[in-house]
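What follows is a single structure, written as structure tokens, with notes after it.
Protein chains in written order, with this note's numbering: chain A, 1 to 109; chain B, 1001 to 1114.
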């Protein structure tokens, strides 16, 4: 079983839609969590950190549920430019980042 | 741009050959991590260097080795290349070892092994 699991998608949504991605992690020692965005053939870039109290940045909201070992990302009012792969990432005390396989999002006009 | 650079951008090798990939970290960053990203997968941690010392290693065989220089740039060496080594190799730099320190990724080196 992978340490971080995500639905690979693709999620195909119209502009303006709200879309939610979920992710589960198996290592209870994981302490920090992030969502990264990766465009086709580009490097991953940090989208946002994830906290138990929830974290909102504009149209993006991330949530962590430690009891269920579950992480979510909500994107409101989707834009064409949101089309990308979203990587769920955990990190334990060893500082290495543990990536999920990514969820692909396609926003259509 | 993150300020992290990698060279070369693309590389084609044959099985059994050796390869060296290079990474220059963002100015002031003393930690470099290397990741392997196969097609359709998320990046997998190879190892990390902090102040020229290896600080953790993922599940990769010893033919994957590396080093970090006094200016904090880094090299990844892969010996006896196998077909499955074909992937995007990413390096990421950060300041220190705290988990909340953002890791900034370079554009990657795309390695093809024939």
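Backbone N, C-alpha and C define an ideal beta-carbon position, used for all residues, glycine too.
Exercise. Going along chain E in order, which residues have a C-beta closer than 7 Å to the C-beta of residue 43 of chain A?
Worked result: Of the protein chains in this structure, namely A and B, none is chain E.
Exercise. Apart from the five residues on each side of it in sequence, which residues of its chain come closer than 6 Å, Cβ to Cβ, to residue 1077 of chain B?
Worked result: The residues 1020, 1065, in chain order, have a CB closer than 6 Å to that of residue 1077 of chain B in the same chain once the five nearest residues on each side in sequence are set aside.
For this session: Would you kindly check if the distance between the Cβ of residue 44 of chain A and the Cβ of residue 101 of chain A is under 8 Å?
Result: The Cβ atoms of residue 101 of chain A and residue 44 of chain A do not sit closer than 8 Å to each other.
Problem set entry | Span of the beta strand (DSSP E), counted from its first residue to its last, around residue 40 of chain A | From DSSP, residue 40 of chain A is part of no beta strand (DSSP E); its letter is neither H nor E.
Exercise. Does the beta-carbon distance from residue 1037 of chain B to residue 1080 of chain B come in below 8 Å?
Worked result: No. Outside cutoff.
For this session: Would you be able to state if there are at least three C-beta pairs under 8 Å between the region 1037-1056 of chain B and the region 1006-1021 of chain B?
Result: Output reads no: the region 1037-1056 of chain B does not touch the region 1006-1021 of chain B.
Exercise. Nearest CA to the CA of residue 108 of chain A: which residue from A:84, A:95, A:98, A:92?
Worked result: Cα-wise, what sits closest to residue 108 of chain A is A:84.
For this session: Figure out for me which residue from A:59, A:75, A:54 has the closest Cα to the Cα of residue 65 of chain A.
Result: Nearest C-alpha to residue 65 of chain A: A:54.
Exercise. According to a CB-to-CB cut-off of less than 9 Å, which residues of the region 1027-1045 of chain B neighbour chain A?
Worked result: Interface annotation for the region 1027-1045 of chain B against chain A: 1031, 1033, 1035, 1037, 1040, 1041, 1042, 1043, 1044, 1045, criterion Cβ-Cβ distance under 9 Å.
Exercise. Using the beta-carbon of each residue, which ones in chain A are nearer than 7 Å to residue 1048 of chain B?
Worked result: The contacting residues are 95, 96.
Problem set entry | the region 1022-1039 of chain B in contact with the region 60-79 of chain A per 3-pair CB rule at 8 Å | No: the two stretches stay apart, fewer than three of their Cβ pairs being nearer than 8 Å.
For this session: Report the option in B:1084, B:1058, B:1091 whose CA atom is closest to the CA atom of residue 1074 of chain B.
Result: Nearest in C-alpha terms to residue 1074 of chain B, of all of B:1084, B:1058, B:1091, is B:1091.
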